[in-house]
Ligand SMILES: Nc1ncnc2c1ncn2[C@@H]1O[C@H](COP(=O)(O)OP(=O)(O)OP(=O)(O)O)[C@@H](O)[C@H]1O
Ligand SMILES: [Mg+2]
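Protein chains in written order, with our numbering: chain A, 1040 to 1298; chain B, 39 to 268.
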C-alpha cells in the first residue's frame, strides 16, 4: 500500500431528481487499500461504486482515478470538460465490478462469460483468454464448471464466476456491491472465502459494500460508515466496530448486530 | 381444366381428389407469399425498431409516425397503393411481389413492436455488466441484448407468421393465384363452391397447425440454451 490515492472524490454531488444522494462527498482510497463501506439503506453506498464504474454520472465535484479525472477530461487550456465516451472507455479499463445479482450473461457458458471481454475488448487470442479464464476458475474453485450455463449453478457459484469475470480484465480496482446479499446463508461463506483470498493481493485496491460486519472487520484496512450521502465516520475496523465515536454509527452497528 | 389438371365431377370425392393438385399449386403460392412477406416483416420491423429507439428525436419520431400510419391503414389500401400507384412512378412489380411486399410492410409495423418489447425486456443489469466489462455499444447490442431478446420474441413472431398466412387471400384482388383465388376459379367454372372452399379451409388448418407446431418446437428448444424468459 502506498500513500498516493488511487480513488479520490472531491466534493462530489449526485442527485436523482430532487433527491440529493451524495452531498459534496469527499472520499479517498489509497493504492492497494481494502476499504469496506457500511451504512443504512439509501445512504448512497451503491451510488459511490456505480459512479466509479461509470454506470452513473455526477452532478458536481470531481472524481479522480489514478490521478486522472474520471467524469471529466482536461481540455487544451487545462479546464475540465465532461468526459467523452472514449475517455470513459479508457478509464473503465482500470476498474472491475462484482454485482449483487451477479449479472452474468445467461446465454453464455461460464467460460464464455469470462473470456468474452478479454477477447473482444482487450484483444487477447481465444487461447490466451481461455488460459486466463481457467486459472481464474481454479482460483475461485470452479475449474470443473467451465462449460455450464449460469442457470445450472448455485448462487454462490454464480457469484464466484462473477468475480472471475471481473478479474479477467485485470483491473487495478475491484468494486463489490453487496456480493453476498442475494445468496442463501449457507452459500455466503464460499464467496467470502474467495474475496478474502483476493484481499491478500498486494496491488489490488478493493472497495466492498457489505452487511457482513465480521468479514469487513477481518479483511479491511479501513471501514467507512456512510450516512445520508456522506461519510459519517471512518477508521480502522478495530476502532470503528468496537469503539465508534459517533452516536449514529453506534446505533447502526447495534441494529445490524441485533438482526 | 386449370394448370393442366382436369376435374372429375362424377362424385364429390372424385371431384375433391381431382382438384387437389390444382389447390396445392395455389397453396405453394400461398406459402411463398407467406414466407416472403414474413421475411420482409422481420427485416423491415427490425429496422423500424432500431430507428424508433434511436437517441435522436429526428429519427425516432418519423419512424414512429410511419409505423403508426402503416398499422392504422387496412392492408387492402396499402396493397392497392403499391399495385396501382407505384407504376405511375415507373415502378412496375409483378403482382406476387407487390402482394408479398404489402404483407411484409403491413406486418413490419407489428413486428417492430415485438422487437422493441423483446429488447426492452433484456434488463438494465445486463447492459450494466456489459458496460463494466467495457464492451462497445454495438457489441453489447449484438452479443448481449439480441441473443437474449430472440427467444422472447419467437412466440409473438410465430403468431404473426400465422396471421400473415391467413391474410394472403387478400392478394387475390390483385390477381395473385393463391389458394383461395384458385378455389374460387374452380367454383366459377364448375358451379360447385362447397368442395373447393371446404378444402381450402382444411388445407389452411393443416398449414397453420404445422406453422404453430414449428414455432412451439423452436420455443421449447431455445430456452434450454440458458436464457430465462422472465
Ligand atoms: N436510478 C435512480 N433513480 C432514482 N433514485 C435512485 C436511483 N438510484 C438510486 N436512487 C436513490 O438514491 C439513494 C441512494 O441509493 P443507493 O443505491 O446508493 O443506496 P445504498 O446505500 O446502496 O442502499 P442499499 O443498502 O439499499 O443498497 C436511494 O434513496 C435510492 O432510492
Ligand atoms: Mg446498494
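Here a beta-carbon is modelled for each residue, glycine too, at the ideal position from N, C-alpha and C.
Check whether the Cβ of residue 208/B lies closer than 7 Å to any heavy atom of ligand 2, and answer yes or no.
-> For the purposes of this step, residue 208/B is identified with residue 170 of the second chain, where counting begins at 1. Not so, every heavy atom of ligand 2 lies at least 7 Å from the Cβ.
Can a CB atom of chain A be found closer than 8 Å to the CB of residue 176/B?
-> The sequence position of residue 176/B within the second chain is 138, counting from 1. Judged by the 8 Å Cβ criterion, residue 176/B is not in contact with chain A.
Counting only beta-carbon atoms, is residue 1156/A nearer than 8 Å to chain B?
-> Within the first chain, the letter at position 117 stands for residue 1156/A. Yes, because at least one Cβ of chain B sits closer than 8 Å to the Cβ of residue 1156/A.
Contact check, residue 166/B vs residue 67/B, beta carbons under 8 Å | Start at 1 with the first residue of the second chain, and residue 166/B comes out as number 128. Start at 1 with the first residue of the second chain, and residue 67/B comes out as number 29. No, these two residues do not count as a Cβ contact at 8 Å.
Based on the DSSP output, what are the partners of residue 1121/A in its beta bridges?
-> Locating residue 1121/A in the first chain gives position 82, counting from the first residue. BP columns for residue 1121/A point to 1111/A.
Could you pull out every residue in the same chain whose Cβ sits closer than 6 Å to the Cβ of residue 76/B, ignoring the five residues on either side in sequence?
-> The residue given as residue 76/B occupies position 38 in the second chain. Excluding residues within five positions, the ones whose Cβ falls inside 6 Å are 199, 202.
For residue 182/B, decide whether its Cβ has a neighbour in chain A, counting only Cβ atoms nearer than 8 Å.
-> Indexing the second chain from 1 puts residue 182/B at position 144. Under the Cβ distance rule, residue 182/B counts among the residues neighbouring chain A, one pair being separated by less than 8 Å.
Cα separation between residue 1167/A and residue 109/B?
-> On the first chain, residue 1167/A is found 128 positions in, with the first residue counted as 1. On the second chain, residue 109/B is found 71 positions in, with the first residue counted as 1. If I take the Cα positions, the gap works out to 51 Å.
So which residues on chain B does residue 1138/A lean against when the C-beta distance must stay under 9 Å?
-> Taking the first residue of the first chain as 1, we reach residue 1138/A at position 99. Taking the beta carbon of residue 1138/A as reference, the chain B residues within 9 Å of it are 163, 166, 167, 170, listed in sequence order.
Residue 186/B versus chain A: which residues are under 9 Å apart at the beta carbon?
-> By one-based count along the second chain, residue 186/B stands at place 148. 1144, 1145, 1146, listed in chain order.
Between residue 1075/A and ligand 2, is the CB less than 7 Å from at least one heavy atom?
-> Position 36 of the first chain, counting from 1, holds the residue named residue 1075/A. Taking 7 Å as the cut-off, one finds no heavy atom of ligand 2 near enough to the beta carbon of residue 1075/A.
May I ask you to list, following chain order, the residues of the region 59 to 78 of chain B that have a beta carbon less than 9 Å from some beta carbon of chain A?
-> Residues of the region 59 to 78 of chain B whose Cβ lies closer than 9 Å to any Cβ of chain A: none.
Neighbour list for residue 173/B in chain A, Cβ cutoff strictly below 9 Å = Taking the second chain and counting its residues from 1, one reaches residue 173/B at position 135. Residues of chain A whose Cβ lies closer than 9 Å to the Cβ of residue 173/B are, in chain order, 1155, 1156, 1159, 1160.
Distance cut-off 7 Å: residue 1214/A Cβ against heavy atoms of ligand 1 | Residue numbering aside, residue 1214/A sits at position 175 when the first chain is read from its first letter. A distance criterion of 7 Å places the beta-carbon of residue 1214/A beyond contact range of ligand 1, judged by its closest non-hydrogen atom.
Give the range of the alpha helix (DSSP H) segment to which residue 245/B is assigned.
-> Stepping through the second chain from its first residue, residue 245/B is reached at position 207. Its alpha helix (DSSP H) spans residues 232 to 259.
Indicate, with yes or no, if ligand 1 has a heavy atom lying under 7 Å from the CB of residue 1058/A.
-> The residue you call residue 1058/A lines up with position 19 of the first chain. Residue 1058/A: yes, Cβ under 7 Å from ligand 1.
Please work out which residues of its chain come closer than 8 Å, Cβ to Cβ, to residue 268/B, disregarding the five sequence neighbours upstream and downstream, and give them in chain order.
-> As a position in the second chain, residue 268/B is number 230, starting the count at 1. Note that residue 268/B has pLDDT 44, beneath the 50 cutoff, so the model's placement of it is unreliable and the number below is only indicative. There are no such residues.
Assuming residue 1071/A contacts residue 1242/A (C-beta within less than 8 Å), just tell me the rounded distance between them.
-> Counted from its first residue, the first chain places residue 1071/A at position 32. Counted from its first residue, the first chain places residue 1242/A at position 203. The distance from the Cβ of residue 1071/A to that of residue 1242/A is about 6 Å, consistent with a contact at the 8 Å cut-off.
Kindly confirm or deny that the region 1145 to 1157 of chain A and the region 1171 to 1181 of chain A touch, where touching means at least three C-beta pairs closer than 8 Å.
-> At 8 Å Cβ cutoff, the stretches touch.
Does the region 1066 to 1080 of chain A touch the region 1040 to 1055 of chain A, meaning 3 or more C-beta pairs lie closer than 8 Å?
-> Contact holds: three or more Cβ-Cβ distances are below 8 Å.
C-alpha distance - residue 1077/A paired with residue 1056/A, whole-angstrom precision | Translated into the one-based positions of the first chain, residue 1077/A becomes position 38. Translated into the one-based positions of the first chain, residue 1056/A becomes position 17. Taken atom to atom, the span from the alpha-carbon of residue 1077/A to that of residue 1056/A is near 25 Å.
Is any beta-carbon of chain B found at less than 8 Å from that of residue 1128/A?
-> Taking the first residue of the first chain as 1, we reach residue 1128/A at position 89. Judged by the 8 Å Cβ criterion, residue 1128/A is in contact with chain B.
Under 9 Å from the C-beta of residue 1103/A: neighbouring residues of chain B = Locating residue 1103/A in the first chain gives position 64, where the first residue counts as 1. Result: empty, since nearest Cβ-Cβ is about 19 Å, beyond 9 Å.
In the DSSP assignment, what are the bridge partners of residue 43/B?
-> To locate residue 43/B, count along the second chain from 1; it is residue 5. DSSP, once it has assigned bridges, lists 40/B as partnering residue 43/B.
Option in 138/B, 120/B, 197/B with minimal Cα separation from residue 245/B | Walking along the second chain from the start, residue 245/B turns up at place 207. When C-alpha distances from residue 245/B are compared across 138/B, 120/B, 197/B, the shortest belongs to 197/B.
DSSP state of residue 49/B mapped onto helix, strand, coil | Stepping through the second chain from its first residue, residue 49/B is reached at position 11. Residue 49/B: coil per DSSP, three-state reduction.
Does any C-beta atom of chain B lie closer than 8 Å to the C-beta of residue 1219/A?
-> Reading the first chain from its first residue, position 180 is the one you call residue 1219/A. No - not a single Cβ of chain B is within 8 Å of the one on residue 1219/A.
To which residues of the same chain is residue 183/B closer than 8 Å at the C-beta, ignoring the five residues directly before and after it?
-> By 1-based counting over the second chain, the position of residue 183/B is 145. Cβ neighbours of residue 183/B beyond the five flanking positions: 157, 160, 164, 165.
Look up residue 69/B in the DSSP assignment and say whether it is helix, strand or coil.
-> If you number the second chain from 1, residue 69/B lands on position 31. Residue 69/B sits in a helix when the DSSP states are folded into three classes.
Using a cut-off of 8 Å between C-beta atoms, extract the partners of residue 1094/A located in chain B.
-> Position 55 of the first chain, counted from the start, is the residue given in the question as residue 1094/A. Chain-ordered, the chain B residues with CB closer than 8 Å to the CB of residue 1094/A read 166, 169, 170.
If you draw a straight line from the C-alpha of residue 193/B to the C-alpha of residue 1062/A, how long is it?
-> For the purposes of this step, residue 193/B is identified with residue 155 of the second chain, where counting begins at 1. For the purposes of this step, residue 1062/A is identified with residue 23 of the first chain, where counting begins at 1. Rounded to whole angstroms, residue 193/B to residue 1062/A spans 48 Å at the Cα level.
Which of helix, strand or coil DSSP assigns to residue 268/B | Residue 268/B sits at position 230 when you count from the first residue of the second chain. Below a pLDDT of 50, predicted positions are generally treated as unreliable, and residue 268/B, at 44, falls in that range; the measurement from the model is reported next regardless. Residue 268/B: coil per DSSP, three-state reduction.
Give the single residue among 1143/A, 1268/A, 1131/A whose Cα lies nearest to the Cα of residue 1210/A.
-> Here the question's residue 1210/A lines up with position 171 in the first chain. For residue 1210/A, the closest C-alpha among the options 1143/A, 1268/A, 1131/A is that of 1131/A.
Could you tell me which residues DSSP pairs with residue 1066/A in its beta bridges?
-> Against the first chain, residue 1066/A aligns to sequence position 27. BP columns for residue 1066/A point to 1048/A.
Can you name the start and end residues of the beta strand (DSSP E) that residue 1073/A belongs to?
-> In the first chain, residue 1073/A corresponds to position 34, counting from 1. For residue 1073/A, the enclosing beta strand (DSSP E) covers residues 1073 to 1077.
Note the first and the last residue of the continuous alpha helix (DSSP H) segment covering residue 1150/A.
-> Here the question's residue 1150/A lines up with position 111 in the first chain. Its alpha helix (DSSP H) spans residues 1149 to 1159.
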